[in-house]
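*Asks:* Okay, here's the structure, questions in a sec.
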Amino acid sequence: MPNIEENLRHIHKQMGNASATLVAISKTKPLQDIQEAYDAGQRHFGENKVQEMTEKAEQLPAVIKWHMVGHLQRNKVKYIVPYVHLIHSVDSVRLLKAINKEAGKVDRVVNCLLQVHIAQETTKFGFDTQELLDLLASEILDELPHVNVLGLMGMATNTGDEMQVKSEFTSLHQLFLKLKKGYNKPNLNLKELSMGMSGDFELALACGSTMIRVGSSIFGARNYG
Ligand SMILES: *Cc1c(COP(=O)(O)O)cnc(C)c1O
1 MPNIEENLRH
11 IHKQMGNASA
21 TLVAISKTKP
31 LQDIQEAYDA
41 GQRHFGENKV
51 QEMTEKAEQL
61 PAVIKWHMVG
71 HLQRNKVKYI
81 VPYVHLIHSV
91 DSVRLLKAIN
101 KEAGKVDRVV
111 NCLLQVHIAQ
121 ETTKFGFDTQ
131 ELLDLLASEI
141 LDELPHVNVL
151 GLMGMATNTG
161 DEMQVKSEFT
171 SLHQLFLKLK
181 KGYNKPNLNL
191 KELSMGMSGD
201 FELALACGST
211 MIRVGSSIFG
221 ARNYG
């Protein structure tokens, strides 16, 4: 049995004085585990499935800030826009438009991160750099008042090669800084750079991450049935 409270304390120690936000990724984990982390002071939680996140949100304290970090289908957006705090995994313009539409129906502005493809694996979702530049240079965002683009999210290649991971994080950070300076739109507020998971969050923080998404180091390994 993992000691969730102790794991959280240990991660905060590793995070040092950095002002980064720790998002506890609770996918596949039961309500009791989330409650335990909550009781230890954790407020940001992330999930990768719409139904699972919605069911958990309904049963847990309303002050919890829920983050969607998994690939999101357009037809499921409506279930999370009423309560979601931040969607990290916006990987297409069509999805951004769907979020805008559904958020408009419930009179919300939904915070989003644009997911950037930085890993070598072809399976990971996200915009590539040129697609991102094209999107921001266009007037698409100007027509989406119900989304607020708060930053970028990236997942490094799943590899033990630290130099590889470091170069991916560094190039995402460079892109983030470049975009921050380059555009002025009311719903483009590039403040957050979501990168780093259990295996690589210290490296990610050293490379400029403002938000880390940590699951197994808090809750223990996941069992997929
Ligand atoms: C599961 C998941 C995480 C957390 O992974 P750990 O290695 O358990 O820390 C982070 N980000 C995303 C997008 C995930 O799906």
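The opening residue of the sequence shown carries number 1 in our numbering; numbering runs sequentially from there. Note that CB positions come from ideal geometry on N, CA and C, so glycine has one too. Note that the structure is a prediction, hence the values are computed from the model and not measured.
DSSP on Met155, reduced to helix/strand/coil?
*Replies:* Reading the sequence shown from its first residue, position 155 is the one you call residue 155. In this structure, Met155 counts as coil in the three-state DSSP scheme.
*Asks:* What would DSSP say about Ser138, mapped onto helix, strand or coil?
*Replies:* As a working note, residue 138 is residue 138 in the sequence shown. Coil.
*Asks:* Relative to the alpha-carbon of Val149, which residue among Asp33, Asn111, Thr28 has its alpha-carbon at the smallest distance?
*Replies:* Residue mapping note: residue 149 aligns to position 149 of the sequence shown, counting from 1. If we check each option's Cα against that of Val149, Asn111 comes out closest.
*Asks:* Tell me which residue opens and which closes the alpha helix (DSSP H) that Gly196 is part of.
*Replies:* Numbered from 1 along the sequence shown, position 196 holds the residue referred to as residue 196. Under the DSSP assignment, Gly196 falls outside any alpha helix (DSSP H); it carries neither an H nor an E label.
*Asks:* Return yes when the Cβ of Leu8 is within less than 8 Å of the Cβ of Ala40, no when it is not.
*Replies:* For the purposes of this step, residue 40 is taken as the residue at position 40 of the sequence shown. For the purposes of this step, residue 8 is taken as the residue at position 8 of the sequence shown. Cβ atoms of Ala40 and Leu8: closer than 8 Å.
*Asks:* Return helix, strand or coil for Ala37, following the three-state DSSP convention.
*Replies:* For this step, residue 37 is matched to residue 37 along the sequence shown. In the structure shown, Ala37 falls within a helical segment according to DSSP collapsed to helix, strand and coil.
*Asks:* In chain order, what residues of the same chain have a beta carbon less than 7 Å from the beta carbon of Leu78, not counting five sequence neighbours either side?
*Replies:* What you label residue 78 is simply residue 78 of the sequence shown in a count that begins at 1. Leu is not the amino acid found at residue 78; the sequence shown has Lys there. So the qualifying residues of the chain are Glu102.
*Asks:* Terminal residues of the continuous alpha helix (DSSP H) containing His117?
*Replies:* The count along the sequence shown starts at 1 and reaches residue 117 at position 117. Note, His117: premise wrong, no alpha helix (DSSP H); not H, not E.
*Asks:* What does a CB cutoff of less than 8 Å around Lys191 pick up in its chain, not counting 5 residues either side in sequence?
*Replies:* For this step, residue 191 is matched to residue 191 along the sequence shown. Correct list, in chain order: Leu150, Gly151, Thr210.
*Asks:* Gly225 to Phe169, Cα distance in whole Å?
*Replies:* Residue 225 sits at position 225 when you count from the first residue of the sequence shown. Residue 169 sits at position 169 when you count from the first residue of the sequence shown. Note that Gly225 scores a pLDDT of 48, beneath 50, so its modelled location is shaky; the value from the coordinates is reported in the next line. Between Gly225 and Phe169, the C-alpha separation is close to 32 Å.
*Asks:* Can Asn187 be considered in contact with ligand 1, in the sense that its beta carbon sits closer than 7 Å to one or more heavy atoms?
*Replies:* Working through the sequence shown from its first residue, we reach residue 187 at position 187. For ligand 1, not one heavy atom lies less than 7 Å from the Cβ of Asn187.
*Asks:* Go ahead and pull the three-state DSSP assignment for Lys13.
*Replies:* Here the question's residue 13 lines up with position 13 in the sequence shown. Helix.
*Asks:* Can you grab the Cα-Cα spacing for the pair Val63 / Gln42, in whole Å?
*Replies:* The residue you call residue 63 lines up with position 63 of the sequence shown. The residue you call residue 42 lines up with position 42 of the sequence shown. Going from the Cα of Val63 to the Cα of Gln42 covers about 11 Å.
*Asks:* Closer than 8 Å is the cut-off here; do at least three beta carbon pairs connect the region 88-103 with the region 114-123?
*Replies:* Segments in contact, yes.
*Asks:* Measure the alpha-carbon distance for Gln174 versus Asn100 and round it to whole angstroms.
*Replies:* Along the sequence shown, one-based indexing puts residue 174 at 174. Along the sequence shown, one-based indexing puts residue 100 at 100. Using only the alpha carbons, I get a separation of about 28 Å.
*Asks:* Let me make sure I understand the geometry here. Which of Arg94, His71, Met53, Val93 has the alpha-carbon closest to that of Pro82?
*Replies:* Here residue 82 corresponds to residue number 82 of the sequence shown, with the count starting at 1. Closest by alpha carbon: Met53.
*Asks:* Looking at Trp66 and Glu47, is the spacing between their C-beta atoms short of 8 Å?
*Replies:* In the sequence shown, counting from the first residue as 1, residue 47 sits at position 47. In the sequence shown, counting from the first residue as 1, residue 66 sits at position 66. It is a contact, given that the beta carbons lie within the stated cut-off.
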